[in-house]
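Numbering (this note's numbering), first residue to last: 1 to 668. One structure below.
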């Protein structure tokens, strides 16, 4: 039989029938839902049940109807720690609600009055005797039954006894259920916190501490020792992860020069993504950066500063890579006998050979697994994977599965800017997080649509990391938006997603692009870049204090650590975006955390209008409201406070402060 006594269909989150586990992190509220219905007019209830990794039911959450006539029920579950959890949906006859509805209608009409009261007495008596019902809860039912059974009391009083507050509370805590039907159980993979929450900062170790000699017009490369001096400043800004581009030897054949030219000048270091030279390949370190001992010291310094190191995993090779001579079968050979270099028309990467997984899939796969395990042994638990969409999806499912089976704490970030089907498949295959389309979503409509998609449509398998910039990506919005644009994008990224990141230089408002390209001029991919962060901050020319404040807000407010709790709020202005994030019961006292973000997306002009709030999405209780229905909000950016209500006037000057990040204050 496909259907149980109470039909349950379209359970979510379920990925391809449960073949892949839905993703979550500890303490995250997971949106669950199902379509549940029954024959006739009797009322039903729906519950989601969460099972811990041992299969023990640890949470039952009553779902609510998503809309009249849809039979769709939704709610949330919250796993507490990492592991392989599961959940199921239960549908059941709501015996109490059905009786109360019928009793109120019939008694008001003078139909079957004593019969309905007698049925209520039987219902409460049986419920009081149910196994597992708490004694206090059962006593409430017995008292209600006694009043309802008393023929000397007025009918209205007897009926009222069946719906007084104590009864309603008892039913809420322990419903009176019949015909309980369960769906199948579906997997939920709860991964460590950093898999779904974190603030990333990217820098090139060779640039940190690099020294330019104007007399010889040459550079001395930075190294792990000099780069470690930058770590305290990164940590002080509140970042959790420091991400390093490839640190391996760089090929010399077809080495790219400044600004991606084909002509290499004296001392041009080349692109770190052109991996492999006489000094070694993916299992070696560029000699200029130091030794494995130096790298270990860098990882230890990062850990001491409260940072994790993310290392680039770029599965490609320079023509000088040992693989090119030892394993030519791992590449694509053209008809003329040459190895094909990488292309993404019109872009050409003459300094890189892409890998071919079809000639020797087992040999190549085992070699990559060996490399990943090597870096894990040196303290790397996070890998930012370059262009995973240019490799077979099966390979990632295998590699990540092999690695996480042995070490479930290892996290993989997909740097995949490609079609949605591939990006989503990589998430299903095991990638814990991914770059996203956020970088190119700028208008109110684009952002509202995309925020809704990633928070409510795809979070079970796709966790977006909202990077505001990368060495390859400098959008027109940042090129021409001035300092306000940098603030705006930082606020959006830091508050809309639990994962966000910046590439070094963002805090200095670096915005000049190479003509005709959406990337930086004098790109750090091809040359050293020395930045004086301290001087810029001392002179008030740095965004670092603003980034620090945003990261502190993220740490202080757990609602910003969830992906699925975002609600778009209405605004009357076409360039003003508003959204809220709400989380309930963060501690035993039942505290709530609610943030409302309002952003002027126009970096050039003052915008004003109304913000029309869905107050239900803010989780406000009666004691939070003033007599006039307003409540207090505190701006976490400026420190100002004021009263808000359902409709609020907002005026945001991008040259002063383009955004409100508001905490909804609990209590009057």
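Even for Gly, the Cβ is constructed at its ideal location relative to N, Cα and C.
Integer-rounded CB distance, given that residue j should sit under 8 Å from residue i
i	j	result
residue 247	residue 183	48 Å between Cβ atoms; not a contact.
residue 273	residue 314	5 Å
residue 522	residue 258	7 Å
residue 501	residue 201	7 Å
residue 80	residue 26	6 Å
residue 569	residue 611	6 Å
residue 199	residue 554	7 Å
residue 264	residue 255	5 Å
residue 231	residue 324	About 35 Å; that fails the 8 Å criterion.
Bridge partner(s) assigned by DSSP for residue i
i	result
residue 163	Residue 163 pairs with nothing; no bridge assigned.
residue 582	594
residue 317	353
residue 487	Per DSSP, none; premise fails for residue 487.
residue 61	48
residue 75	32
residue 6	In the DSSP output, where bridge partners are listed per residue, residue 6 has none listed.
residue 333	339
residue 348	343
residue 660	598
Alpha-carbon spacing of residue i relative to residue j, whole angstroms
i	j	result
residue 617	residue 572	19 Å
residue 626	residue 644	10 Å
residue 661	residue 340	50 Å
residue 233	residue 556	20 Å
residue 630	residue 74	29 Å
residue 621	residue 632	13 Å
residue 604	residue 519	22 Å
residue 57	residue 185	11 Å
residue 84	residue 173	28 Å
residue 141	residue 181	25 Å
residue 508	residue 401	40 Å
residue 646	residue 566	18 Å
residue 46	residue 54	24 Å
residue 4	residue 433	37 Å
residue 66	residue 498	26 Å
residue 304	residue 510	30 Å
residue 564	residue 619	15 Å
residue 338	residue 538	54 Å
residue 482	residue 544	16 Å
residue 93	residue 634	45 Å
residue 390	residue 290	31 Å
residue 240	residue 407	20 Å
residue 59	residue 35	20 Å
residue 542	residue 628	42 Å
residue 269	residue 351	13 Å
residue 40	residue 138	29 Å
residue 609	residue 659	13 Å
residue 411	residue 381	6 Å
For residue i, the nearest candidate out of the options (CA to CA)
i	options	result
residue 195	404, 540, 219	404
residue 547	579, 637, 4, 531	637
residue 428	3, 15, 5	15
residue 607	657, 490, 632	657
residue 33	39, 10, 20, 50	10
residue 190	86, 412, 140	86
residue 584	359, 628, 77, 516	77
residue 438	426, 425, 431, 453	453
residue 364	381, 447, 396, 49	396
residue 671	566, 524, 423	Summary: the structure shown does not reach residue 671, with the chain confined to residues 1 through 668, and so no result is reported for it.
residue 528	389, 443, 266, 112	266
residue 238	475, 580, 307	307
residue 367	537, 29, 619, 281	281
residue 128	60, 467, 271, 177	177
residue 149	263, 115, 134, 422	115
residue 468	435, 448, 188, 449	435
residue 252	111, 526, 582, 343	526
residue 48	17, 8, 42	8
Cβ of residue i within 8 Å of any chain C Cβ
i	result
residue 437	You won't find chain C in this structure, because it holds only one protein chain.
Practice task
Would you check if there are 3 or more beta carbon pairs closer than 8 Å linking the segment 275–282 to the segment 201–214?
Solution key: Taking 8 Å as the limit for Cβ pairs, the verdict is that the segment 201–214 does not touch the segment 275–282.
Exercise for the section: Would you check if the segment 301–316 and the segment 379–387 touch, i.e. whether three or more CB-CB distances between them fall below 8 Å? Expected result: A contact exists between the segment 379–387 and the segment 301–316.
Problem - Three-pair Cβ contact test at 8 Å for the segment 325–333 versus the segment 347–357 - result: As far as the Cβ criterion goes, the segment 325–333 touches the segment 347–357, which means the pair count is three or higher.
Problem - At least 3 beta-carbon pairs within less than 8 Å: the segment 481–496 vs the segment 212–232 - result: These segments do not touch.
Practice task
Taking 8 Å as the threshold, find out whether the segment 150–165 comes into contact with the segment 117–124 through three or more Cβ pairs.
Solution key: Output reads yes: the segment 117–124 touches the segment 150–165.
Exercise for the section: Assess, as a yes-or-no matter, whether the segment 559–574 is touched by the segment 532–550 under the definition of 3 or more beta carbon pairs within less than 8 Å. Expected result: Cβ pair count under 8 Å is below three, so no.
Exercise for the section: Report yes or no: do the segment 442–458 and the segment 574–584 share at least 3 C-beta pairs separated by less than 8 Å? Expected result: With a cut-off of 8 Å, the segment 574–584 and the segment 442–458 count as touching, because enough Cβ pairs lie within range.
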